[in-house]
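With the first letter of the sequence shown counted as 1, position 7 gets the number 16 in the working numbering; the numbers rise by one all the way through. C-beta atoms are modelled at their ideal positions from N, C-alpha and C, and glycine is treated no differently. None of these values were measured; they are calculated from a predicted model. What follows is a set of notes on a single structure, which appears directly below.
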Amino acid sequence: MIDVRKETAERMKDRVPKDVIFQLFSVGLITEQSARRFLIIDRYEREQPERGQKDCVKDRIADEFCVSSDTVKKYLCKKSI
10 MIDVRKETAE
20 RMKDRVPKDV
30 IFQLFSVGLI
40 TEQSARRFLI
50 IDRYEREQPE
60 RGQKDCVKDR
70 IADEFCVSSD
80 TVKKYLCKKS
90 I
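Laid out in structure tokens, this is it:
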């Protein structure tokens, strides 16, 4: 299982210092759900799945984050809006 707080801080360290990310978590400005959504979208974009592999990548990401593949699909659909 992925530590959402640490992974979010690691992925955003180029933009924001890690301690600031942890402070935002502690005061509730970043929630576990919003961070998980960010990480799922970021992971999918980094994978750049080829045609025919998209469902496999979505399923693998769902397993990593302990969510359903429907949740991953929902997050990716909301990204494009």
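Item	Value
Simplified DSSP state of residue 59, which is helix, strand or coil	coil
Collapsed DSSP secondary structure at residue 29 in the structure displayed	helix
Euclidean distance between Cα positions of residue 43 and residue 14	11 angstroms
Among 41, 67 and 53, the one whose alpha carbon lies nearest that of residue 12	41
Test item: CB-CB of residue 78 and residue 68 under 7 angstroms	yes
From 61, 49, 19 and 16, residue whose alpha carbon lies closest to that of residue 70	49
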